[in-house]
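Written out below as structure tokens is the structure these notes cover.
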Amino acid sequence: MTTLQTVFAKAKADNRAALVGYLPAGFPSKGGDVAAAAALVAAGCDVIEIGLPYSDPLMDGPTIQDAVHRSLVNGTRIADVMRTVEGVAATGAATLVMTYWNPIDKYGAERFARDLANAGGVGTITPDLTPEESEPWRAASADAGIDTVFLVAPSSTPERIKAVVDCCTGFVYAASLMGVTGARESVNVAAEGLVERTRAHTDLPVCVGLGVGTGAQAAEVASYADGVIVGSAFIRRILDAPDEAAGQASISVLAKDMARGVRR
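Numbering (the numbering used here), first residue to last: 104 to 367.
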């Protein structure tokens, strides 16, 4: 199993940032999700985030909401998410689950962590779980041997950044802006400063997400961050494609452009 530590150590040795791709489980279909993620890995993604579809996605913009809605209509459940993780992990990419806290809480924290580890998952990103409420999840994750990733934002104070990074083990997710996900014309200028402020409190890799949609933007973010996270730009191409094969071809082209970007 490829760990996050291995991924970031290799990227650092190559003098580049890691490329992280996000896709929801069950999108564009059950089975099609693994094929799409595998296309991203083959095109140069080092890490894959598998989204756990949730009916109240507070942080997700319209593009990801459309994908998640399709996944929920497809009947995707947590068992399907674990099967997706297993299939993606088999490609050799470090595979995480990005999920809101409520599904983990209802499933059972210890059970979720154990099942994720057994599926080959290396950790979770929990955007709405606060440091103050995270101890049970961090304990369950540590027992299962998986990493925990939490988010900092441009509005985070130094005290808040320290509280968040102290809960992280795999990397720190730096949200480039206040608001929901989605590719944009430019990456928020606050992102570079946020990475710098976060590094003052941790030696963990700091990855930037929200707003990255082109190879040029990936190169820009890679110049100051340890990882570049891309989700909506890939999902938009799948949504716009006439069929799954065309969607896989389209995201492969974009991922290759992104992979070149993080290597500039």
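Heads up, the beta-carbon is just placed ideally off N, CA and C, and yes, glycines get one too.
What number of angstroms, rounded off, separates the C-alpha of L175 from the C-alpha of Y157?
Sequence index remark: in the sequence shown, residue 175 carries index 72 (1-based). Sequence index remark: in the sequence shown, residue 157 carries index 54 (1-based). Each residue's Cα considered, the two are about 8 Å apart.
Enumerate in chain order the residues of its own chain whose CB-to-CB distance from V137 is below 7 Å, with the five nearest sequence positions on each side excluded.
Working through the sequence shown from its first residue, we reach residue 137 at position 34. Closer than 7 Å at Cβ, skipping near neighbours: T187, G190, V191.
Taking I167 as the reference, which of T179, N177, G154, G178 has the closest Cα?
The count along the sequence shown starts at 1 and reaches residue 167 at position 64. For I167, the nearest C-alpha among the options comes from G154.
If you follow the beta strand (DSSP E) that I228 is in, where does it begin and where does it stop?
The count along the sequence shown starts at 1 and reaches residue 228 at position 125. Unbroken beta strand (DSSP E) run through I228: 226–228.
From L107, R119, T105, residue whose alpha carbon lies closest to that of V365:
Here residue 365 refers to the residue found at position 262 when the sequence shown is read from its first residue. Answer by Cα proximity: R119.
Kindly identify the DSSP beta-bridge partner or partners of M201.
Translated into the one-based positions of the sequence shown, residue 201 becomes position 98. Paired residue(s): G154, I228.
Which residues mark the beginning and the end of the alpha helix (DSSP H) in which G190 is found?
Translated into positions along the sequence shown, residue 190 becomes position 87. That run of the alpha helix (DSSP H) goes 181–192.
Three-pair Cβ contact test at 8 Å for the segment 292–310 versus the segment 261–274:
The segment 292–310 vs the segment 261–274: in contact.
CA nearest to the CA of V252, picked from S335, A114, A245, C270
Residue 252 sits at position 149 when you count from the first residue of the sequence shown. The shortest C-alpha separation from V252 is found at C270.
Rounded to the nearest angstrom, what separates A319 and M361 at their Cα positions?
The count along the sequence shown starts at 1 and reaches residue 319 at position 216. The count along the sequence shown starts at 1 and reaches residue 361 at position 258. C-alpha separation (whole angstroms): 8 Å.
Taking D117 as the reference, give the member of V200, D149, V311 with the closest Cα.
To locate residue 117, count along the sequence shown from 1; it is residue 14. Among V200, D149, V311, the Cα nearest to that of D117 belongs to D149.
Roughly how many angstroms lie between the CA atoms of A142 and F111, to the nearest whole one?
Sequence index remark: in the sequence shown, residue 142 carries index 39 (1-based). Sequence index remark: in the sequence shown, residue 111 carries index 8 (1-based). So the two alpha carbons sit approximately 21 Å from each other.
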